[in-house]
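Engineer: Sharing a structure, written as structure tokens. Questions coming.
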Amino acid sequence: MPGDTHLGLLSVVAYLCAFNTEAYSGFQLALPDWRLNADYYAKCDFGSDLPASCDWTSEGPISTQTATEETSFHPENPSGAFRLKSGFLKISEDSCLEFWYHRPNRKSSELRVLLVDDIQQTLIWTSETSSSGDWRQVFIPLTKQSDSDNLQVVFELIKGLHGDEATAFDRIGIRKGQCGPQCQRGGIFWTNKSTRCTCTDEQLICSHISWSNDTFGTCYVASDPHYTTFDGVSLQFEGPCTYVLSKVCDESGLLPKFTVEVQNENKGDSHVSSIQQVNIIVHGLRVTMMRTERRKVMVNGIWNNLPLLLEGNRVTVNAQRNALVLQTDFKLSIFYMQSGSIQVIVPSHYSNRICGMCGNFNHETEDDFKIPEGSLVQDRHVLGQSMCEEPSLPRVCTDAEEQQYASEAYCGMLTSRQGPFSMCSSVLNADSFFQSCMFDMCSTHGDPDALCNAIEAFDATCNEVGISVLAWRNSTFCPVACGLHSHYNACASGCPKTCSSQDGTGSCGICEERCECDDGFMLSGGSCVLAKDCGCWANGQHSPIRETFMKGECEQQCQCLGNGTIQCSPTACKSDEVCMVKDGVLGCFPSNPVTCSVYGDPHYITFDGKAYTFWGTCNYTIAKTCGPTETQFTITARNEGQNNSATSSLNSVALDMEGLHIVIGKNKQVYANGSEVRLPAKFGSSVSVFQSGPYAQVNTNFGLRLLFGNARLFVQVDERYRGVLCGLCGTYSGSQFDDFLKPDGNTVANSHEFASSWNTNDSDWPCSNGFRDPPKCHPDLEDEAYTKCSELFEDAFKECHWFVPPQIYVSSCVFDYCISKGDKAKFCTSLEDYVSACEIALVFLPDWRNHTLCFANPLPTEDPTPTKPSESCPWSCNFDQDECGWEQLIQDSFDWTRWSGSTPSNFTGPSGDHTTGSGYYMYIEGDSVVHGDSARIMSPVCHTSSKQCLSFWFHMYGLATAMSLNLYIFENSRFIKIWSRTNNHGNRWYQGQVEIKPQQPFQIIIEGIRGSDPRSDVSIDDLTIMHGACGYLSEEDVDLTTLGPHPYTPNLIDPHPICRINCDFESDICSWTQMVTDAFDWTRHRGSTPTSMTGPSSDHTTGSGFYMYIEGDSVTHGDTARLLSAECADPQPQCLQFWYHMYGSSWTMGLSVYLLQYGNVAKEVWRKSEDQGNMWHLARVDLRPDVKFQVIFEGRRGSSALSDVAIDDISLHRGACSEITVSDTHGYSDSISKNRRRRSLLLRERSWA
């Protein structure tokens, strides 16, 4: 054999075995290739295209047989020894002998290597026992031999005790240069699907891996996107779309069903679409992964923090390295990479039983291009276009750009033979990844993030098949940011140290690129903590140590004490709260209802805000529960045609639930289970129907509310229905993307197709689904419509613009104007549609007509005599017939009840009305709500600016403390309290009156607040409003005739007798009021707050009194509570002084002070955030009002419940704060004694005096 042979790379394996007279049952093994760019004197791999012994000389007979992927030969020698000699070699420099061997056990043949020349033979190596099935690589250094040209290498086999335990060797080579290391310590890679190679003690060992009966198919989608189906077909197309990647299309029911959907969107102004969302539907769950969220996923429309164990551990979702991973009990796996790429892995028993963009997995490539109709197409772009709309063309690189991006500094790194991916690219085909990388770089103008994403995608694929990759990142190139107490490792162990088995990150023993914990730390819920700080798992959710959480249906509040120990106590949600999961946290949250609107011809706005128009005249499903909920319901509506035109409007609405069918006609006639009912009506404890202004209103205790009247329908649901609704009002998933969901589960783009699919096929209602496309409007008429409808953008409506954006209503107004050919009445109805939507959002625009084309004759403004009822204020009501236009507010905790006779509860409420003793009155029922809940009713609009006197009768009898009755005036988009009473006034009716001096049209709100006990039934009756000043009321008829007294503060000189702002909260909240437009309310409290590790343990004034604070348990991150002062008519420099307490570990909790001047927006004048320590702090704020003003205290809940912010001892002083001297300015720790507090109070009193 020539001594200077140089062979190229070989990709096959054969082996030599000795002393086995039976057929060799070897494994189908694929050993690694020869060393890249090495210069070999000689090499032999015993391939089938070579002589049996590769021109080496064998001593002993041989026979050939097939045992691996190529031919091997079998020596037979009864003497018990066998030798294989190389040709004569001239070693002129240091060289290396390399080969592979396989020795199953110690009884197998012994393999030895000798070096032979003219003088002697030298034993240079002998075999060790390798594990059964293992092949080991050997490197033996050969030194320069200058004295002999007759050097030979000899392989010698000595027969073992068992001839059937064969020893084999293969891939013999002698190369120039030093041996060097065989491999990188800890490295792992695969040479084919069944050969796995590892680097153990710096020796390369390859083994055959026996797979279970289950083999798997993988579909890979790059982020651009590029697709590789289960059967290996590649295709590429671009464009934003949503499609089914893979789903079960077998109807036998023998396999668990699943569906994988992906949503592609364009990235900025790029032509490239990338996968932004993945939906997996499995085991009755809809799991949504978002590219922008790597620590949580949405389950059935509700955010949940990772990791997750769902459906009794049948579905797991984890964050691994740079991927979100979902795995099921039937071995489905979905990997959603941060780069936007996806891998879907399915077991073999799904072969030919699935369909979608990933193909059918039938191991045939010819039928993967099947469009949804079932026919095959040849063009991959036709297939892509059948799934997407408006595919865009990729941007093409210039020659210079293409050359740059193909270099090893960019995409060429993936295919470089000297790069970090060389071992992987020799096994896996890197060309598709390279092309994907090039496409991304061209399309994004060389965006570095696109390059990193492409490299990460190939890196992840290499690691998935067990091939280790050399480190390719650094601090400036695609760096990885690791969390606290962790660091980046290019080849981290797959089994890190964890607090519990549920904290594991995935499979073990695989080299992974990821962040790993520092020494001494371990994983707990995805974070690195000390052993003493390990968290807890409950119901598949992880909680860090000391975190509080709720269980079940929020009937228990628990705290993680660490290392899996959980302590729980009973609790319950308030009546205006919903037990739900929000941002991954189970808790009691404000119901925050969302509204679906139907109005006009008709126009629809879904729960998620998607607007469309549909002109069908049939019976349609407006909304229904389409998922698991405690109460199932369906709302349908009949449409009718209008005056021989193509348009339609609402005729009637029906609510169906178990045992109850309610129909509301357009004349407010109500039928229940086929019989007409008189309003108000109740159906059990869950449903009530009553007239509310222009609407018939349905209220329920399960989070649903309907208002129907004047061809307008408003459907409100709270967050317990997120993600479980369907119908014309959409899905309430938080995204408009899936609003057009048909009953068959498919989403369409066309509104007519969508709405028609919800036709109930009511045989008693002849109809049609209307025209598909809107009629064209004459350009001149359309211009006129836009001009007139744009009045909604004007100042008359601006108070509502933030709450209800007018753009949608302008568009529907234009449409109706065109259809009606400019009809003025129709135009005004369109504006009324917007005003009605504003009122549902609690924004009232009483004088909007005065500034539009709908302006009517102005109302008289002269003041009649005080004894004549006000015609411009249609408020007077004895409630014997109905509520006289007073409306229940829909965003409070519960409603006022119109009632006759005694209230249901004993020892509270009146026994009859005030008018006759046998008529009706309004009251709040304290049984079904909790302490602090409020009910509010609002008057019609009063169009006058003259002085008015509101007179009424009230009844406040019961053992509860803190029950209240408050009156507010709503004027100029502001709420101001004008009258208030609290606590028990005895079992009798009292007359109350309040004088009103409005400056523009206004309304009155009457608020009842449930006290500390159910025996707090507050009642009102006989409301009358008259022009002029109020007359005198005797003490026998009314206890107080003005706003509640200034709070009593012993030994405290009032520093500001004009402005009623001072308060220490010992008796009540003084003249301060809770704002009705915020997320929750301040709480008056004494002692420690209910949540440990946050809030004060006592008030500031005496140490045993009351203060105000915000409770963080029942609300969510960022929610605010606002406290509003009485109005102060003293426009000169003022100093606001107060004490505040901000203690808790929650970040972003805050306290702000606003100055609200008459006619202006509130301006922030002071702010404090984060933890300020467990003590009271003094604050002073300079106020410089120009007109009469109010002060607002705003508390903001932080990232956790540990954010109880408190205030106390508020006072207002004339002049600048620098002019006030108070000796007690330091903060007070909660451990300070009461005596020291009293001394401090005395010092303040002296300074104020």
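Counted the way mature numbering (1 follows the signal peptide of the UniProt record, and there is no 0) counts, the sequence shown spans residues -23 to -1, 1 to 1226. For each residue, glycine too, the CB sits at the ideal point set by N, CA and C. Because the structure is a prediction, the values reported are computed rather than measured.
Between which two residues does the alpha helix (DSSP H) carrying Cys766 extend?
Structural biologist: 756 to 766 is the span of the alpha helix (DSSP H), which, as asked, contains Cys766.
Engineer: Going along the chain, which residues of its own chain have a beta-carbon closer than 7 Å to the beta-carbon of Glu554, five neighbours each way excluded?
Structural biologist: Excluding positions up to five away in sequence, the list reads Cys565, Phe566, Pro567, Ser568, Ser1091.
Engineer: Asn127: which of Gly64, Ala515, Gln240, Leu1113 sits nearest, CA to CA?
Structural biologist: Of the listed residues, the one whose Cα sits closest to Asn127 is Gly64.
Engineer: Do you know offhand how far Asn644's Cα is from Asp741's?
Structural biologist: Between Asn644 and Asp741, the C-alpha separation is close to 20 Å.
Engineer: Taking the alpha helix (DSSP H) that Cys429 falls in, what are its first and last residues?
Structural biologist: Cys429 -> alpha helix (DSSP H) spans 425 to 441.
Engineer: Does Ala19 pass the burial test, meaning 16 or more other C-beta atoms within 10 Å, or should it be called exposed?
Structural biologist: Looking at its Cβ environment, which holds 16 or more other Cβ atoms inside 10 Å, Ala19 is buried.
Engineer: Please confirm if the stretch 902 to 921 is in contact with the stretch 986 to 993, defined as three or more CB-CB distances below 8 Å between the two stretches.
Structural biologist: Yes, the stretch 902 to 921 is in contact with the stretch 986 to 993.
Engineer: For Leu936, which of Cys511, Gln380, Arg992, Ser712 has the nearest alpha-carbon?
Structural biologist: Ranking Cys511, Gln380, Arg992, Ser712 by Cα distance to Leu936 puts Arg992 first.
Engineer: Does DSSP put His340 in a helix, a strand or coil?
Structural biologist: Coil at His340, not helix or strand.
Engineer: Taking the alpha-carbon positions, what's the residue 1235 to Ser1195 distance?
Structural biologist: Since the displayed the chain opens at -23 and closes at 1226, residue 1235 lies outside it and no answer follows.
Engineer: Just list the residues that DSSP pairs Ser35 with in beta bridges.
Structural biologist: DSSP output for Ser35 lists Leu61 as bridge partner(s).
Engineer: Anyone know if the C-beta pair for Gly1095 and Arg1173 falls short of 8 Å?
Structural biologist: For Gly1095 and Arg1173, yes; Cβs fall inside 8 Å.
Engineer: Got a sec? Which residues, its chain only, sit under 6 Å from Ala600 by beta carbon, not counting five neighbours each side?
Structural biologist: So the qualifying residues of the chain are Ile612, Val692, Leu702, Gly704, Cys706.
Engineer: With 16 as the cutoff for other CB atoms within 10 Å, does Tyr811 come out buried or exposed?
Structural biologist: Its Cβ being crowded by 16 or more others within 10 Å, Tyr811 is buried.
Engineer: Give me the residue from Leu1101, Glu270, Pro1110, Ala508 with the minimum Cα distance to Met314.
Structural biologist: Closest by alpha carbon: Glu270.
Engineer: Under 8 Å: do the stretch 576 to 588 and the stretch 660 to 672 share three or more Cβ pairs, one atom per stretch?
Structural biologist: The stretch 576 to 588 vs the stretch 660 to 672: no contact.
Engineer: Would you identify the three-state DSSP class for Lys775, choosing helix, strand or coil?
Structural biologist: Looking at Lys775 - three-state DSSP - the assignment turns out to be helix.
Engineer: So Asn746 and Gly593 are supposed to be a Cβ contact under 8 Å. How far apart are they, rounded?
Structural biologist: Right, the Cβ-Cβ distance comes to about 4 Å (below 8 Å), so this counts as a contact.
Engineer: Going by beta carbon distance, what residues of the same chain come within less than 7 Å of Thr938, once the five residues before and after it are set aside?
Structural biologist: Closer than 7 Å at Cβ, skipping near neighbours: Asn960, Gly988, Ser989.
Engineer: Is it buried or exposed, Pro547, if we count other Cβ atoms within 10 angstroms and call 16 or more buried?
Structural biologist: Burial call: exposed.
Engineer: Mapping the DSSP letters down to three states, classify Cys419 as helix, strand or coil.
Structural biologist: Here Cys419 sits in helix by DSSP.
Engineer: Compare the beta carbon distance of Gln213 and Tyr220 with 8 Å and say whether it is the shorter of the two.
Structural biologist: No. Outside cutoff.
Engineer: Beta-carbon separation of Glu1171 and Tyr1135 under 8 Å?
Structural biologist: Going by C-beta atoms, Glu1171 is not nearer than 8 Å to Tyr1135.
Engineer: In the DSSP assignment, find the unbroken beta strand (DSSP E) run with Ile522 in it and report its ends.
Structural biologist: Premise fails: Ile522 is in no beta strand (DSSP E) and is neither H nor E.
Engineer: Let's see if you can read the secondary structure: which residues bound the beta strand (DSSP E) around Val1168?
Structural biologist: Looking at the DSSP string, the run of the beta strand (DSSP E) that includes Val1168 is 1166 to 1173.
Engineer: What's the C-alpha gap between Tyr967 and Leu1000?
Structural biologist: If I take the Cα positions, the gap works out to 12 Å.
Engineer: In the DSSP assignment, the beta strand (DSSP E) including His203 goes from what residue to what residue?
Structural biologist: Segment 203 to 205, the beta strand (DSSP E) holding His203.
Engineer: Could you tell me which whole beta strand (DSSP E) segments of length 3 or greater appear in the stretch 931 to 960?
Structural biologist: With a minimum length of 3 residues, the continuous beta strand (DSSP E) runs that stay inside the stretch 931 to 960 are 941 to 948, 951 to 959.
Engineer: What residue range is occupied by the uninterrupted alpha helix (DSSP H) comprising Ile311?
Structural biologist: Segment 310 to 314 is the beta strand (DSSP E) holding Ile311; no alpha helix (DSSP H) there.
Engineer: Just the Cα atoms here: how many angstroms apart are Ala762 and Cys795?
Structural biologist: Each residue's Cα considered, the two are about 7 Å apart.
Engineer: Put Thr806 into one of helix, strand or coil per three-state DSSP.
Structural biologist: Thr806 falls in the helix class under three-state DSSP.
Engineer: Which of helix, strand or coil does DSSP assign to Gly317?
Structural biologist: Three-state DSSP puts Gly317 in coil, outside helix and strand.
Engineer: Could you pull the DSSP bridge partners for Asp542 from this structure?
Structural biologist: According to the sequence as given, residue 542 is Thr; it is not Asp. According to DSSP, which records beta bridges pairwise, Thr542 is partnered with Gly539.
Engineer: By a C-beta neighbour count over all protein chains shown, 10 Å radius and 16 as the cutoff for buried, is Val725 buried or exposed?
Structural biologist: Val725 should be labelled exposed.
Engineer: In chain order, what residues of the same chain have a beta carbon less than 7 Å from the beta carbon of residue 1297, not counting five sequence neighbours either side?
Structural biologist: Since the first and last residues shown for the chain are -23 and 1226, residue 1297 lies out of range.
Engineer: If you count every other CB in all the chains shown that lies within 10 Å of the CB of Val225, and 16 or more means buried, which is it?
Structural biologist: Buried, because 16 or more other Cβ atoms sit within 10 Å of the Cβ of Val225.
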